[in-house]
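Participant:
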DNA sequence: AATGAATGAGGGTTCATTCAT
DNA sequence: AATGAATGAACCCTCATTCAT
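Chains as they are written, first to last, in the working numbering: chain A, 63 to 262; chain B, 63 to 262; chain C, 63 to 262; chain D, 63 to 262.
Next comes the structure, spelled out in structure tokens:
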């Protein structure tokens with residue numbers, strides 16, 4: 063019973079994407095993955111070196127994309143004059159052009175990378191992204207209201223925003239929809255933060 | 063070597079709370095729990111029927127509390143006249159009185175219930191809370207801007223808010239701090255949502 | 063079906079000693095060991111941390127004994143005036159008093175340590191002993207015939223002597239017999255070496 | 063990508079020789095062998111029936127050579143008048159002419175046959191050779207000192223001599239050097255044995 | 001001649017749970 | 001109340017071998 067190589071590889075890859083998204087790296091079972099893919103455990107090792115290599119093959123692209131994003135994160139700030147605009151629709155348009163080029167980053171592998179990489183060499187990815195985001199939020203607090211008494215919110219915000227992005231990707235297959243929701247998400251954060259900072 | 067019954071039970075209970083919070087139900091190891099508790103695997107079964115019963119003992123209170131909260135969630139709406147207040151400090155004061163009675167709900171067991179109950183009979187708890195919250199956010203959309211083109215954000219908001227509460231509890235031991243951050247969190251959501259809804 | 067703890071531990075230990083001696087660490091099968099010991103694989107881990115810990119429990123004593131022997135190996139030289147004695151029976155008596163205190167080193171665990179420790183943290187033991195022995199033989203060559211044209215024999219001698227000791231232990235259970243044969247072995251080496259060195 | 067048949071066969075053969083010498087039959091990995099040989103597992107079976115057939119192809123010559131040597135071993139004795147010669151240099155010359163014709167026997171395949179054939183139909187080869195050698199040494203004991211109280215040394219000697227030959231071949235590539243060391247080895251044994259026998 | 005897909009058995013290890021003591 | 005011996009299933013992984021292409 064022989065299949066085309068690529069077909070099995072693809073079957074394993076897809077099956078693994080599902081399993082890893084549902085359970086994360088550690089809880090995911092190779093036995094389950096290969097069963098769903100319609101092959102055997104022994105045969106799996108004709109396609110991937112081991113469990114972690116399979117995981118890496120799924121997540122690697124998302125990881126390097128994320129690293130790039132982090133490296134260029136100072137560019138985000140450059141557009142912060144937005145904050146002064148009164149018309150929210152202008153924000154939406156601006157955000158759209160800003161977001162479009164990084165949209166490829168927000169796919170299922172990104173979700174797996176953030177939520178499911180404990181136990182792998184990518185485990186630090188989430189922390190790294192988190193650190194950058196927290197710093198970013200902290201900078202905003204410093205800028206707009208250095209006397210804001212709850213700076214711990216910067217971390218909460220960071221975790222929440224990343225989690226929100228993950229949820230958007232997870233619950234929506236369509237690229238267009240994802241982009242629109244991400245725009246709303248960012249808008250929501252911008253407005254919310256300005257709101258709680260302004261008042262003190 | 064015999065200890066007072068209650069002391070052992072407490073040791074197991076505390077140790078389990080840590081283990082379950084760190085790893086969730088499925089990844090948590092009874093061997094690790096009893097080792098930290100200073101007893102043995104065999105003895106464990108003198109105190110709890112099995113792994114899930116131990117989990118239940120930790121999470122049950124938080125669960126029934128959550129169910130109560132959900133049952134009474136129509137009361138939340140009643141105070142939504144808040145939304146019209148201009149002075150954000152008034153909101154903060156109002157929220158404080160609103161939040162205080164439900165603060166006991168937001169403790170470690172709540173975190174475990176939401177994040178770590180996969181594989182137990184409490185697995186649905188998160189979904190239930192989520193459904194109510196989503197409905198709640200949806201109602202706000204309906205009320206303030208029925209033509210808002212991204213109603214999927216209701217679910218994102220719901221997941222995000224719950225996650226935010228979990229993060230606040232997880233990262234802050236002090237009750238006072240927790241409460242303050244939860245107030246900021248809710249404020250943040252209120253302002254953010256109003257912001258993205260208003261404009262259309 | 064419950065046995066006395068010590069009985070099972072002993073059964074595993076003995077079974078493992080056989081298996082390790084026959085196959086060495088890497089080829090030895092835990093499944094085979096526990097089957098011979100009359101227990102199950104799962105139960106094995108109630109007695110030993112893992113395969114290597116079991117191996118270590120067998121070999122550790124022999125290893126530290128060997129290290130001591132090596133540390134004190136300069137004492138061997140001090141008695142080399144023996145070499146001048148004409149009467150071989152005097153040698154035998156001298157060797158007996160020399161050998162007696164180190165006899166406990168030459169047991170089955172020593173055999174396993176030398177022959178079967180590849181793949182464990184004891185893998186270097188054989189090399190260490192070898193190096194000391196080779197150096198020892200080389201010193202004799204230097205002393206008695208620095209012009210001997212085949213100094214590579216020092217290494218061959220070293221490997222052969224160690225191997226001979228291992229064989230003696232392996233093929234003879236009785237302590238008395240072992241000691242006598244070891245004496246003959248050393249005598250044999252002494253005479254043989256002097257013989258091939260003298261002539262040049 | 064097709065190679066000349068013989069070239070592939072040779073590549074496998076050489077690669078296998080290394081692998082079998084390093085690890086022995088059972089621990090040797092066909093996957094490793096074919097990888098080093100630059101071909102694939104599947105293709106391997108176009109050249110050899112299975113793992114053991116490959117092993118046999120390497121070892122067969124050494125085995126039949128050894129069998130011949132054993133069959134003719136009575137000839138060894140015929141030259142034992144050597145033992146009476148006083149001048150060791152004469153022995154060396156005599157041994158050289160005696161050894162030269164059998165030198166082709168002492169090559170890598172011989173090493174593999176002796177050290178690495180466990181798990182194959184050649185497993186008994188070492189025992190066979192050993193038996194003959196032991197008998198040989200025993201005969202010397204009978205001849206020179208029938209009252210020697212440690213006849214078990216015959217077996218030790220046999221094992222040691224074979225092992226020594228293996229070590230010499232293993233550690234020295236050059237044929238000339240091998241031959242010289244083998245001569246020294248035999249000399250060493252002759253002198254050593256005479257030494258320990260004489261005295262009783 | 002050559003590839004690599006597929007199988008099935010075996011390797012060491014961890015786990016929750018049961019039960020005799 | 002407490003121990004730890006015992007089980008059986010599941011985990012990831014490697015292996016020699018077969019076979020369709």
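Ideal placement from N, C-alpha and C gives every residue a C-beta, glycine not left out.
On a predicted model such as this, the values are computed, not experimentally measured, just so you know.
Taking only the alpha-carbon atoms, compute the straight-line gap between residue 93(A) and residue 73(A) and give it to the nearest angstrom.
Facilitator: 14 Å
Participant: At least one CB of chain C closer than 8 Å to the CB of residue 140(D): is that the case?
Facilitator: For residue 140(D), the predicted model reports a pLDDT of 49, less than 50, meaning its position is unreliable and no value from the coordinates is stated.
Participant: I want to know whether the stretch 193-204 of chain B touches the stretch 199-208 of chain A - three or more CB-CB distances under 8 Å.
Facilitator: Output reads no: the stretch 199-208 of chain A does not touch the stretch 193-204 of chain B.
Participant: Can a CB atom of chain C be found closer than 8 Å to the CB of residue 192(D)?
Facilitator: no
Participant: Below 8 Å on the Cβ atoms is my guess for residue 255(D) versus residue 250(C); work out the distance and round it to an integer in Å.
Facilitator: 7 Å
Participant: Since residue 122(A) meets chain B, which of its residues come closer than 9 Å, beta carbon to beta carbon?
Facilitator: Result: empty, since nearest Cβ-Cβ is about 24 Å, beyond 9 Å.
Participant: For chain A, check one thing: does any of its Cβ atoms lie closer than 8 Å to the Cβ of residue 230(B)?
Facilitator: yes
Participant: In whole angstroms, give me the CA-to-CA distance for residue 78(B) and residue 117(B).
Facilitator: 8 Å
Participant: For residue 225(C) and residue 225(D), which I take to be in contact (beta-carbon distance under 8 Å), what is that distance rounded to the nearest angstrom?
Facilitator: 5 Å
Participant: Give the DSSP-derived three-state secondary structure of residue 90(B) in the structure shown.
Facilitator: coil
Participant: Taking C-beta pairs closer than 8 Å, name the residues in chain A that residue 89(B) reaches, listed in chain order.
Facilitator: 88, 89
Participant: Does the contact criterion of 3 or more C-beta pairs under 8 Å hold for the stretch 101-114 of chain B versus the stretch 151-170 of chain B?
Facilitator: no
Participant: Would you call the CB atoms of residue 241(A) and residue 128(A) closer than 8 Å?
Facilitator: no
Participant: Any beta carbon of chain A sitting closer than 8 Å to that of residue 233(B)?
Facilitator: yes
Participant: Just curious, the alpha helix (DSSP H) that residue 168(B) is in, first and last residue?
Facilitator: Unbroken run through residue 168(B): none, as it is neither H nor E.
Participant: Three-state secondary structure (DSSP) at residue 140(B)?
Facilitator: Confidence is the limiting factor: at residue 140(B) the pLDDT is only 49, short of 50, which leaves the residue's position unreliable, though a coordinate-based value still follows. Three-state result, residue 140(B): helix.
Participant: Is DSSP giving residue 222(D) helix, strand or coil here?
Facilitator: helix
Participant: Provide the residue span of the alpha helix (DSSP H) that contains residue 198(C), from first to last.
Facilitator: 186-206
Participant: Mark residue 179(B) as exposed unless 16 or more other C-beta atoms lie within 10 angstroms of its C-beta, in which case mark it buried.
Facilitator: So residue 179(B) counts as buried.
Participant: Near residue 140(D), what residues of its chain come up, given a Cβ to Cβ distance below 8 Å and the 5 sequence neighbours on each side ignored?
Facilitator: Because residue 140(D) carries a pLDDT of 49, less than 50, the predicted location of this residue cannot be relied on, and the following value inherits that uncertainty. Nothing listed; no residue qualifies.
Participant: Is any beta-carbon of chain A found at less than 8 Å from that of residue 105(B)?
Facilitator: no
Participant: Is there a Cβ from chain C that is less than 8 Å from the Cβ of residue 253(D)?
Facilitator: yes
Participant: Compile a chain-ordered list of the residues in the stretch 193-217 of chain C whose CB is closer than 7 Å to at least one CB of chain D.
Facilitator: 212, 214, 215, 217
Participant: Given that a residue counts as buried once 16 or more other Cβ atoms are within 10 Å of its Cβ, and exposed if not, what is residue 137(C)?
Facilitator: exposed
Participant: Spatial neighbours of residue 125(B) within its chain, please: C-beta separation below 7 Å, excluding the five flanking residues on both sides.
Facilitator: 175, 184, 187
Participant: Between the alpha carbons of residue 80(C) and residue 96(D), how many angstroms are there, rounded?
Facilitator: 34 Å
Participant: Can you pull the chain C residues whose beta carbon is under 7 Å from the beta carbon of residue 246(D), in chain order?
Facilitator: 212, 215, 258
Participant: What's the call for residue 90(D), buried or exposed, on a 16-neighbour Cβ count within 10 Å?
Facilitator: buried
Participant: With C-beta atoms as the reference, is residue 161(D) less than 8 Å away from residue 258(C)?
Facilitator: no
Participant: What residue from 219(C), 232(C), 218(C), 170(C) has the CA that sits closest to residue 76(C)'s CA?
Facilitator: 170(C)
Participant: Measure how close the beta-carbons of residue 244(C) and residue 230(C) come, nearest whole angstrom, since I'm counting them as under 8 Å.
Facilitator: 6 Å
Participant: Alpha helix (DSSP H) containing residue 242(B): first to last residue?
Facilitator: 237-260
Participant: As a quick exercise: from 221(D), 149(D), 177(D), 130(D), pick the residue whose alpha carbon is nearest that of residue 83(D).
Facilitator: 177(D)
Participant: Let me confirm a value: residue 103(A) is counted as buried when at least 16 other C-beta atoms fall within 10 Å, else exposed. Which label applies?
Facilitator: exposed
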